[in-house]
Each structure stands twice: as C-alpha cells, then as structure tokens.
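>
Protein chains: 2
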Amino acid sequence: MILKNQIEWALHCCSLLAAVPDGCYLPTKALAEFHGVPKEYLSKALQALSQAGVIEGTLGPTGGYRLARRPSEITFLDIVEAVEGKASTFACTEIRKANPCLPSKTKTSKTCAVARVMWKADAAWRESLKSTRLSDLAQMIAEDVPPEVLAKSAEWVAARS
Amino acid sequence: MILKNQIEWALHCCSLLAAVPDGCYLPTKALAEFHGVPKEYLSKALQALSQAGVIEGTLGPTGGYRLARRPSEITFLDIVEAVEGKASTFACTEIRKANPCLPSKTKTSKTCAVARVMWKADAAWRESLKSTRLSDLAQMIAEDVPPEVLAKSAEWVAARS
DNA sequence: GTATTAAGGATAGTGATTGTCCTTAGTATA
DNA sequence: TATACTAAGGACAATCACTATCCTTAATAC
Ligand code: SF4
Ligand code: SF4
Numbered sequence: 460m461i462l463k464n465q466i467e468w469a470l471h472c473c474s475l476l477a478a479v480p481d482g483c484y485l486p487t488k489a490l491a492e493f494h495g496v497p498k499e500y501l502s503k504a505l506q507a508l509s510q511a512g513v514i515e516g517t518l519g520p521t522g523g524y525r526l527a528r529r530p531s532e533i534t535f536l537d538i539v540e541a542v543e544g545k546a547s548t549f550a551c552t553e554i555r556k557a558n559p560c561l562p563s564k565t566k567t568s569k570t571c572a573v574a575r576v577m578w579k580a581d582a583a584w585r586e587s588l589k590s591t592r593l594s595d596l597a598q599m600i601a602e603d604v605p606p607e608v609l610a611k612s613a614e615w616v617a618a619r620s
Numbered sequence: 460m461i462l463k464n465q466i467e468w469a470l471h472c473c474s475l476l477a478a479v480p481d482g483c484y485l486p487t488k489a490l491a492e493f494h495g496v497p498k499e500y501l502s503k504a505l506q507a508l509s510q511a512g513v514i515e516g517t518l519g520p521t522g523g524y525r526l527a528r529r530p531s532e533i534t535f536l537d538i539v540e541a542v543e544g545k546a547s548t549f550a551c552t553e554i555r556k557a558n559p560c561l562p563s564k565t566k567t568s569k570t571c572a573v574a575r576v577m578w579k580a581d582a583a584w585r586e587s588l589k590s591t592r593l594s595d596l597a598q599m600i601a602e603d604v605p606p607e608v609l610a611k612s613a614e615w616v617a618a619r620s
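Residue numbers (my numbering), protein chains in the order written: chain C, 460 to 620; chain V, 460 to 620.
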C-alpha cells in the first residue's frame, strides 16, 4: 500500500503556486518543467485539485493555475484528499458474514470492531495531515533551502506567471 | 490507495486464534472456512504473520497456528505491519532535484519538508494502530456479538483445534 | 483570427495485488 | 514403518489500480 506519486507532485505544485504573484497564473507546462514530470499526467492531478477547490485555473495565454485560497487556509489534507480521495484506506468486505455460527437472521449489527479500530487510525492520519498548512510548509522550506535558491525560484516562477 | 484485503483477513484470524484453547493449534483450513476466503491465499497472510512472530505454526495432524504471544501483547500495528510491511505509505522520488534553479553542487540537504510532514502523518497512523491490542478487540467484540453466537464460535474453534 | 490554455475522454503500458497450483519437509497416529 | 495431515514457500496466471500518452473541445488574450 503506497500513496500515488501524484501526491508528491501535487504538494510540490501547491508549494510552488504559493510563490505566484497576486493576480497571476502559472501554467501546467511550467509546473511540469520545474519538477521534471510529464505535463500531461501532472495535468490530471491539477484537475483534481481544481475540482476540489484547492486551486483554480483560467484559460488562454497568461492562463494557468493559482491557489484558490490563502496558503494559511490550505491544509495537507485538502491536497491529499483532492488527489487520493476521501475514502478510508481500510475497506471492509464484511467477511464476518461468513461465520458458520451466525444465524441467518443476521440483525446486521453496527460496523464491526475491527473496522472501527482501522477507521480510527485512518482518522488519526488525516488529523495529522490537517494540522499542517501550506503556510507552515513555506516556513519549513525557507529554513531548509538556501535563500539564493529560494529567490531564484521565485524569480523563475514570476517570469512564467 | 487502499490496504490489501489480507489485512482484514489477518486481523480476523488473529481475533479467532485468541479463542483457541491453550496448547492447541487451529489449521489454515478452518480459518479459511470460517471466514469464507480462499485457503491458499490466506495461507500467504498467515505465513507473513508467522515470520513476523505474531503467530506460530506447527506441522502434522493436530497442527496449525496459534498466537505467539498473549492477546494483550499483540497490537493492531504488529498485525498490519506483518502483512503490509513497515515502509512508509509516502514514497519520495526526490522531484525537488529537478528544480532548474538548484545549482548542480547540490549539498543534498536533509529530507525535505514535504516528506517530513507526510512521514509524521504516517507515524500518527501507526501510533493509533499501536494503541489497540488484540485483547481490547476481544472486549469490543464481546460487547457487539450476542453471547450465544460467541459461545458457538468458541465451540466451533475448539472442535477443530 | 490565431495562439495559448484548462478540461476531460480514450486508450495503452506497467506493476502490485489477488488467486491458484504444486513441491518439500516436518509431525502425529496407527 | 507407512500414512495422512500440516506449514512453508516457489512458480505461475488473472485481475485491477496506477501511470502515462494522445487527442478533442471550449474558453481567453492579443
Ligand atoms: S468484522 Fe468488521 S472488518 Fe471484519 S468483515 Fe465484519 S465489518 Fe469488516
Ligand atoms: S521536496 Fe521532499 S517530498 Fe519533494 S521530492 Fe524532495 S524530498 Fe521528496
């Protein structure tokens, strides 16, 4: 079980979109080039983000994408769920129904204990993702990346917005 | 992204193995029949659990599996990691390396901020799984399932141990 | 009108999950 | 000792989700 690689792409793209000047848009082409990933496929992830209302796109030359909200109002969970979906990572196939000791007049009791525990863990994962915002990420990156690289990247983005 | 169905099987099997009388073993055949899943494939999950030291098997007639430790010393995490592996659910392909503004003399700084956040969420998920033990599950099930079904199941298991 | 863009449908290629079959070796019982 | 039963595990094939590419359509700026 592993998250799709689009998750990594989406997170990085949102991080980069946070550097786009106000009122401007950054096209898919630039995002794909910056990260060295296929433009066509990255487009699918961006479409998912757009549908989820995390980013918004506009057409034409000068078109592209920008964040739909301020970085402080976008969480990792928003991005992950846009690409990966909101469904729980644990799927229950109700194998308890096969229990030979279960009378056929099954009163379909509430969801079983196993599923409840797994769903609780899933919720803990999502809660953790929800606790980090895009603005927090920008701050972490600012501490990691040398200022000159950061400035150059911002310039690179601005030139294509 | 979704957990493999063997996770559900493994959890249920461990739950059932907790009902095996002391010194006895329950064979794969019985576990598969009880849950209505293919015996051959379930066997793979049980082998993984065995290798992880969660359960232990023995050969011959009267052979089968039993828990390797007391239910209070087996957590959901033990079972999930035995089947699903210990690797993080987030894989980083280092796409930041493609950044055109990054000088080639990359000093491979520490793992990036994005990965750190994702790994932290992964850790929260595992921590939640770790907090529930097999003995807790038995208690939850005892509250959910009618006593007569519970007794009949225990009888069913004992007859095949 | 032309160039550029997002949106999205259609369709392969790839790889992991799922499932089956078979062999090998250890164990209990008669 | 012979037999029946078991776990362990290797070798596949089938299925399905993920990855990737290509193409069409519609909106926008110039
Ligand atoms: S017992 Fe729980 S996890 Fe198992 S099949 Fe039933 S609902 Fe699903
Ligand atoms: S920035 Fe982090 S998540 Fe992105 S490629 Fe680099 S290490 Fe991986």
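Backbone N, C-alpha and C fix where the C-beta goes; we use that ideal spot for every residue, glycine too.
What's the gap between the Cα of Trp584 (chain V) and the Cα of Gly516 (chain V)?
Here residue 584 (chain V) refers to the residue found at position 125 of the second sequence. Here residue 516 (chain V) refers to the residue found at position 57 of the second sequence. Near 29 Å, if we compare the C-alpha coordinates of Gly516 (chain V) and Trp584 (chain V).
> Between which two residues does the beta strand (DSSP E) carrying Arg525 (chain C) extend?
Looking up residue 525 (chain C) in the first sequence gives position 66. Taken as a continuous stretch (DSSP letters only), the beta strand (DSSP E) holding Arg525 (chain C) covers 523-526.
> Quick one: what's Gly516 (chain C) bridged to in DSSP?
In the first sequence, counting from the first residue as 1, residue 516 (chain C) sits at position 57. In the DSSP output, where bridge partners are listed per residue, Gly516 (chain C) has C:Tyr524.
> Could you spell out where the alpha helix (DSSP H) holding Tyr500 (chain C) opens and where it closes?
Within the first sequence, numbered from 1, the residue matching residue 500 (chain C) stands at position 41. Start and end: 498-510.
> Is the number of C-beta pairs between the stretch 595-605 of chain C and the stretch 575-584 of chain C that are closer than 8 Å three or more?
no
> Going along the chain, which residues of its own chain have a beta-carbon closer than 8 Å to the beta-carbon of Trp615 (chain C), five neighbours each way excluded?
Looking up residue 615 (chain C) in the first sequence gives position 156. Excluding sequence neighbours, Trp615 (chain C) sits near Phe493.
> Using a beta-carbon distance cut-off of less than 9 Å, what residues from the stretch 483-511 of chain C approach chain V?
Glu492, Phe493, His494, Gly495, Val496
> Measuring alpha carbon to alpha carbon, tell me which of C:Ala504, C:Leu476, C:Ile461, C:Leu485 ends up nearest Trp468 (chain C).
For the purposes of this step, residue 468 (chain C) is identified with residue 9 of the first sequence, where counting begins at 1. The candidate whose alpha carbon is nearest that of Trp468 (chain C) is C:Ala504.
> Output needed for Lys463 (chain V): all residues of its chain with C-beta closer than 8 Å, excluding positions within five of it in sequence on either side, in chain order.
Reading the second sequence from its first residue, position 4 is the one you call residue 463 (chain V). Correct list, in chain order: Val542, Glu543.
> Say the cut is 7 Å; is the CB of Ala574 (chain C) nearer than that to a heavy atom of ligand 1?
As a first step, residue 574 (chain C) must be located in the first sequence, where it is residue number 115. It does: the Cβ of Ala574 (chain C) is within 7 Å (strictly closer) of some heavy atom of ligand 1.
> When you compare the CB of Lys545 (chain V) with every CB in chain C, is at least one pair closer than 8 Å?
Position 86 of the second sequence, counted from the first residue, corresponds to residue 545 (chain V). No, because no Cβ of chain C sits closer than 8 Å to the Cβ of Lys545 (chain V).
> What does the alpha-carbon distance come out to for the pair Leu475 (chain C) and Leu490 (chain C)?
Residue numbering aside, residue 475 (chain C) sits at position 16 when the first sequence is read from its first letter. Residue numbering aside, residue 490 (chain C) sits at position 31 when the first sequence is read from its first letter. Taking the straight line from one Cα to the other gives about 8 Å.
> So which of V:Arg525, V:Asp595, V:Ala507, V:Lys611 has the shortest CA-CA distance to Pro486 (chain V)?
Stepping through the second sequence from its first residue, residue 486 (chain V) is reached at position 27. It is V:Arg525.
> For Gly522 (chain C), which residues from the same chain have a beta carbon less than 6 Å from its beta carbon, with the 5 sequence-adjacent residues on both sides left out?
Within the first sequence, the letter at position 63 stands for residue 522 (chain C). So the qualifying residues of the chain are Tyr484.
> Where do the ends of the alpha helix (DSSP H) carrying Ala550 (chain V) lie?
In the second sequence, counting from the first residue as 1, residue 550 (chain V) sits at position 91. Careful: Ala550 (chain V) lies outside any alpha helix (DSSP H) and carries neither H nor E.
> If you measure between the beta carbons of Lys579 (chain C) and Ser587 (chain V), is that distance less than 8 Å?
Counting from one through the first sequence, the residue named residue 579 (chain C) turns up at place 120. Counting from one through the second sequence, the residue named residue 587 (chain V) turns up at place 128. The answer is yes: Cβ separation under 8 Å.
> Using 10 angstroms around the beta-carbon of Leu623 (chain V), count the other beta-carbons present and answer buried if the total reaches 16, otherwise exposed.
Look at the range of chain V in this structure, 460 to 620, and you will see that residue 623 (chain V) is not part of it.
> Under the criterion of a Cβ to heavy atom distance below 7 Å, does Glu614 (chain C) qualify as lining ligand 3?
Judged by which ligands are present, ligand 3 is missing from the structure shown, whose ligands are ligand 1 and ligand 2.
> Mind listing, in chain order, the continuous alpha helix (DSSP H) runs of no fewer than 4 residues lying wholly within the stretch 565-600 of chain C?
572-589
> Check whether the Cβ of Cys571 (chain C) sits closer than 7 Å to any heavy atom of ligand 1, and report yes or no.
The residue given as residue 571 (chain C) occupies position 112 in the first sequence. In this structure, the C-beta of Cys571 (chain C) approaches ligand 1 to less than 7 Å from one of its heavy atoms.
> Is it the case that the CB of Glu532 (chain C) approaches a heavy atom of ligand 1 more closely than 7 Å?
Here residue 532 (chain C) refers to the residue found at position 73 of the first sequence. No.
> Between the Cα of Ile461 (chain V) and the Cα atoms of C:Pro559, C:Gln598, C:Thr552, which residue gives the shortest distance?
Taking the first residue of the second sequence as 1, we reach residue 461 (chain V) at position 2. The option with the nearest alpha carbon to Ile461 (chain V) is C:Thr552.
> How close, in whole Å, do the beta carbons of Ala527 (chain C) and Ile538 (chain C) come, if the pair is a contact with beta carbons under 8 Å?
On the first sequence, residue 527 (chain C) is found 68 positions in, with the first residue counted as 1. On the first sequence, residue 538 (chain C) is found 79 positions in, with the first residue counted as 1. Not quite, the Cβ-Cβ distance comes to about 12 Å (not below 8 Å), so this is no contact.
> For Pro559 (chain V), which residues in chain C fall below 8 Å Cβ to Cβ?
One-based indexing of the second sequence puts residue 559 (chain V) at position 100. Going along chain C in sequence order, the residues near Pro559 (chain V) (Cβ under 8 Å) are Glu492, Phe493, Trp615.
> Along the alpha helix (DSSP H) that carries Asn558 (chain V), what are the first and last residues, could you check?
Residue 558 (chain V) sits at position 99 when you count from the first residue of the second sequence. Per DSSP, Asn558 (chain V) belongs to no alpha helix (DSSP H) and is neither H nor E.
> Can you say whether Gln598 (chain V) is buried or exposed, counting buried as having 16 or more other CB atoms within 10 angstroms of its CB?
Position 139 of the second sequence, counted from the start, is the residue given in the question as residue 598 (chain V). So Gln598 (chain V) ends up on the exposed side.
> In angstroms, rounded to a whole number, what distance separates the CA positions of Ser563 (chain C) and Lys498 (chain V)?
Taking the first residue of the first sequence as 1, we reach residue 563 (chain C) at position 104. Taking the first residue of the second sequence as 1, we reach residue 498 (chain V) at position 39. Going by the C-alpha atoms only, they are around 23 Å apart.
> DSSP state of Leu609 (chain C), grouped into three classes?
As a position in the first sequence, residue 609 (chain C) is number 150, starting the count at 1. If DSSP states are grouped into helix, strand and coil, Leu609 (chain C) belongs with the helices.
> Run through DSSP, which three-state label would Leu475 (chain V) get?
Taking the first residue of the second sequence as position 1, residue 475 (chain V) is located at position 16. Residue state, collapsed to three classes: helix.
> Can you tell me whether Glu467 (chain V) sits near ligand 1, meaning its C-beta is under 7 Å from at least one heavy atom of the ligand?
Against the second sequence, residue 467 (chain V) aligns to sequence position 8. Yes, Cβ of Glu467 (chain V) sits closer than 7 Å to a heavy atom of ligand 1.
> In the DSSP output, what is Leu490 (chain V) paired with across the bridge?
The residue labelled residue 490 (chain V) in the question sits at position 31 within the second sequence. By DSSP's assignment, Leu490 (chain V) forms no beta bridge with any residue.
> Output yes or no for whether 8 Å exceeds the beta carbon distance between Pro480 (chain V) and Ser620 (chain V).
For the purposes of this step, residue 480 (chain V) is identified with residue 21 of the second sequence, where counting begins at 1. For the purposes of this step, residue 620 (chain V) is identified with residue 161 of the second sequence, where counting begins at 1. The answer is yes: Cβ separation under 8 Å.
> In chain order, what residues of the same chain lie with their CB nearer than 7 Å to the CB of Lys488 (chain C), ignoring the 5 residues before and after it?
To locate residue 488 (chain C), count along the first sequence from 1; it is residue 29. Cβ neighbours of Lys488 (chain C) beyond the five flanking positions: Lys498.
> What does the Cβ neighbour count give for Leu596 (chain V), buried or exposed, with the cut at 16 atoms within 10 Å?
On the second sequence, residue 596 (chain V) is found 137 positions in, with the first residue counted as 1. Buried, because 16 or more other Cβ atoms sit within 10 Å of the Cβ of Leu596 (chain V).
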